[in-house]
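Protein chains in written order, with the numbering used here: chain A, 302 to 717; chain B, 364 to 650.
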């Protein structure tokens, strides 16, 4: 055999091997597991929320035996450390190295805005169960991102309306965490409340690094009919306690968004939280059968009652598997999977019936809740339901989107 | 809005926050004074104290027991840290700083492992709840309690440092460690005791502060800058410095937040920079 023949043979063998390799690669991809990449803050200050998110996700996947449409589901979890830069790095790793079919999770609004362009560039079907910044599905929607959770002002629009129609409170002071989530939640409340004839008489913005609430709370106008508060995590815990010790509880009734009394902090609160009226698309105390079953199963798994973070990730996992079912397990067809994700409509999530609007945000019930002690434990008792609430409340989406995003100074505080 | 009522309430708030800062920072200052160790794990003592206190309150329901147990447990941890690790690096500032920050990170992970990531708040005994009313003003009882505790601790520390033999030795070691050693003062044992005491005070502050600041992951590095500002403003190693520094920082922080919330870091750190520029050793420090 001449040298030349050997060279040709070697080349041919090499090419064959390559082709064969590619073949098996494709075959493996088609029949292999469906990979879901999940971003969650498992270490750092937000790790408790991250664990709720993961527990909720795993609970649903375990219920269906980690299998859908004849294929196994592989959940690949990455820790974001509660840091947006890390989250983006991990998202890249999940897509580039692990070749996940769906990307999901994330906690911080900034993470949402960072993953948006990434998902668009990679054309990777992505769901956001937690990140709630309004503009992610309003003025800056992404084709490849579907929100399975909520947006910040969705539930506070409803509360503003409820307060006007059911109470005598007409002058309300807003006390809220000084960042996008606080601004958007207050903005939503302010818009519907003031359109109904109420007045926001004060906005007290509390920096996220606040240790001591006293300098802020002692400024709250004592003649306000009520206070509307927006906090989360340890800030919520401190706020509630300081609201009482600064002599406001009992004098000025307390209204709040959902996270201020979410089940992620409610069990650590005491009587100071009693009577708080709040608004969210979920409560662990919802009495529908799916939620009753979910809450019991979650408590058995995690040893605590489900927070909204847990429910939204449980629902998110179910949402994804419903979409996978709809495409017959062919997750490799990303366009089809995306269409299916945007078509999911179910009546029996723990939070109630959910469908999705054209901007990629859920249309769902918003519950008005009150903190009560039942059987020795605090809970958010639901006493009023706004069905099928859109992120645009009752406004026309086009007109709504012409107005600016709710910020620190918008809507302006005319009565301050 | 800026009425006399506002000034009274905000001054009271600032004083009570300063009182808590004193519990935290006095130990840090003493430790630096005697040992020249910049202890970046000092915030961890505050956080761990809070967590230990929390566990004790859950089991015994006693707030006093929680403060005591937190202080003793963390005091022992402080002693172990000094005896087993820091003592091996005498005079190596960089090595010590790295070691204490290493400990701080380990403590953070340990706390997460043991107590989980949920934020908690330490329940306060009934008689400390509520507020004392004076006309239109109301002062939270718990904050009055913090001020009382800080005044008592400050008085005891001052008596101990100024009126006892041990105190005289500590002052000698602060002034000139080598000379003190030379005249027969056992500086290593003294250092150990001071380190333990510093950790105790920070942990007690953690339990007491845990009732209104909360106990949560990350509390350690949130309070640490405040402790450093107090110590730098007041002067390293000086007890009067720690007292005045705490009050100043408490008031500055409080009025800064109440009057110019957007500038709250500026109103805290700008005076610090100014003091450092005019008096590099702090208000009461000696070169």
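All residues carry an ideal CB built from backbone N, CA and C; glycine is no exception.
Everything numeric in this text was worked out from a predicted model, so none of it was measured.
Considering only the alpha carbon of each residue, which of 493/B, 414/B, 465/B, 386/B lies closest to residue 573/A?
493/B
For the beta strand (DSSP E) that contains residue 585/A, what are its first and last residues?
Where residue 585/A is concerned, there is no enclosing beta strand (DSSP E), given that its DSSP letter is neither H nor E.
Going along chain A, which residues have a C-beta under 7 Å from residue 569/B?
Result: empty, since nearest Cβ-Cβ is about 13 Å, beyond 7 Å.
Return the first residue and the last residue of the beta strand (DSSP E) that residue 399/A is part of.
Boundaries cannot be given for residue 399/A, as no beta strand (DSSP E) includes it and DSSP labels it neither H nor E.
Beta strand (DSSP E) runs contained entirely in the region 459-534 of chain B, provided each spans 3 or more residues
494-497, 500-503
Return yes when the Cβ of residue 426/A is within less than 8 Å of the Cβ of residue 617/A, no when it is not.
no
Taking CB distances under 8 Å as the criterion, tell me whether residue 520/A reaches chain B.
With its beta carbon less than 8 Å from one in chain B, residue 520/A belongs to the interface.
In three-state DSSP terms, what is residue 681/A?
If DSSP states are grouped into helix, strand and coil, residue 681/A belongs with the strands.
Output yes if chain A places a C-beta closer than 8 Å to the C-beta of residue 575/B; else output no.
yes
How is the alpha helix (DSSP H) around residue 412/A delimited, first residue to last?
Segment 410-423, the alpha helix (DSSP H) holding residue 412/A.
Just the chain A side, please: which residues come within less than 8 Å of residue 376/B by C-beta, in chain order?
513, 515, 516, 519
Taking its Cβ as the centre, do 16 or more other Cβ atoms sit within 10 Å of residue 373/B, making it buried, or is it exposed?
buried
Going by beta-carbon coordinates alone, are residue 353/A and residue 557/A separated by less than 8 Å?
No; because the gap between Cβ atoms is not below 8 Å, this pair is not in contact.
Can you check the region 497-582 of chain A for any beta strand (DSSP E) of at least 3 residues that lies completely inside it and give the ranges in chain order?
500-507, 527-531, 555-558, 578-581
In chain order, what residues of the same chain have a beta carbon less than 8 Å from the beta carbon of residue 648/A, not counting five sequence neighbours either side?
654
Please name the residue in 380/B, 432/B, 390/B, 461/B whose C-alpha comes closest to that of residue 603/B.
The alpha carbon of residue 603/B has as its nearest neighbour, out of 380/B, 432/B, 390/B, 461/B, the alpha carbon of 390/B.
Count the other C-beta atoms from every protein chain shown that fall within 10 angstroms of the C-beta of residue 323/A, then say buried if there are 16 or more, exposed otherwise.
No answer about residue 323/A holds up, because its pLDDT of 44 lies below 50 and its placement is not dependable.
For residue 361/A and residue 619/A, which I take to be in contact (beta-carbon distance under 8 Å), what is that distance rounded to the nearest angstrom?
About 5 Å separates the beta carbon of residue 361/A from that of residue 619/A, a gap short enough to meet the 8 Å contact definition.
May I have the straight-line CA-CA distance separating residue 402/B from residue 386/B, to the nearest angstrom?
15 Å
Using the Cα positions of residue 649/B and residue 398/B, report the straight-line distance between them to the nearest angstrom.
15 Å
Could you pull out every residue in the same chain whose Cβ sits closer than 6 Å to the Cβ of residue 357/A, ignoring the five residues on either side in sequence?
Closer than 6 Å at Cβ, skipping near neighbours: 611, 614, 615.
Coarse secondary structure for residue 665/A, derived from DSSP in three states:
strand
Can you list the alpha helix (DSSP H) stretches of 4 or more residues lying completely in the region 557-639 of chain B, in chain order?
582-597, 602-622
Give the interface partners of residue 538/A over in chain B, defined as CB-CB distance under 7 Å, in chain order.
482, 484, 577
Just checking my contact of residue 454/B with residue 599/B at CB under 8 Å: how many whole Å lie between their CB atoms?
Not confirmed; about 16 Å, so no contact.
Check whether the region 405-425 of chain B touches the region 575-589 of chain B, taking contact to mean three or more Cβ pairs, one atom from each stretch, closer than 8 Å.
yes
Three-state secondary structure assigned by DSSP to residue 693/A:
DSSP places residue 693/A outside both helix and strand once states are collapsed to three, so it counts as coil.
What is the DSSP secondary structure of residue 399/B, counted as helix, strand or coil?
The DSSP-derived three-state label of residue 399/B is coil.
Members of the region 456-482 of chain B near chain A, C-beta cut-off 7 Å:
475, 479, 480, 481, 482
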